[in-house]
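Below is one structure, written out as structure tokens, with a few remarks after it.
In mature numbering (1 follows the signal peptide of the UniProt record, and there is no 0), the protein residues as written are -29 to -1, 1 to 107.
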């Protein structure tokens, strides 16, 4: 009987911890500024010409949308992030994929996690000198 009381105590403690509230109002939680503050390295960067297809890219676009704009990449590279090793992390950022476009730049996608793979643009770096292949 003593073990049941201990088990019930820890179960109640876990439920209470899971019910913690946030200081954000619902309006703040969905704003791009609130989302951007959690990923400071998520950006579209580089001195690309205004008429370049690269100028049409937006953060959060799907991989298919990017392929419609830029076509197929020259090469790709997938890797795990450090979040893959966090116990009980069930978010979407455990894997990333880089797509290399020769003469254009590198597009980084995130979105692989416990719910499946839904690649979206995390970072896009324009570089006209890009050779199109991973350099590691």
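A virtual CB, placed ideally from N, CA and C, is assigned to each residue, including glycine.
Keep in mind it's a predicted model, so treat the numbers as computed, not measured.
Exercise. With residue 44 and residue 80 assumed to form a contact (beta carbons below 8 Å), what rounded beta-carbon distance in angstroms separates them?
Worked result: Contact doesn't hold; Cβ gap of about 11 Å is too wide.
Exercise. If we ignore side chains and look at the alpha-carbon of each, how far apart do residue 93 and residue 64 end up?
Worked result: If you take the alpha carbons of residue 93 and residue 64, they lie about 10 Å apart.
For this session: Measuring alpha carbon to alpha carbon, tell me which of 34, 42, 14 and 30 ends up nearest residue 24.
Result: The shortest C-alpha separation from residue 24 is found at 42.
Exercise. For residue 82 versus residue 91, is the C-beta distance shorter than 8 Å?
Worked result: With a cutoff of 8 Å on beta-carbon distance, residue 82 and residue 91 are scored as near each other.
Problem set entry | Cross-strand partners of residue 80 (DSSP beta bridge) | In the DSSP output, where bridge partners are listed per residue, residue 80 has 92.
For this session: Determine the direct distance from the alpha carbon of residue 102 to that of residue 34, and round the result to whole angstroms.
Result: Looking at the two C-alpha atoms, the distance is approximately 21 Å.
Exercise. Between the C-alpha atoms of residue 26 and residue 20, what's the straight-line distance to the nearest angstrom?
Worked result: Residue 26 and residue 20 have their C-alpha atoms roughly 7 Å apart.
Problem set entry | Cβ-based neighbour list, residue 40, same chain, cut-off 6 Å, excluding 5 preceding and 5 following | Excluding positions up to five away in sequence, the list reads 24 and 27.
For this session: Write down the C-beta distance between residue 74 and residue 96 rounded to the nearest angstrom, noting that I regard them as a contact closer than 8 Å.
Result: Between residue 96 and residue 74 the Cβ distance is about 13 Å, and since that is not below 8 Å, they are no contact.
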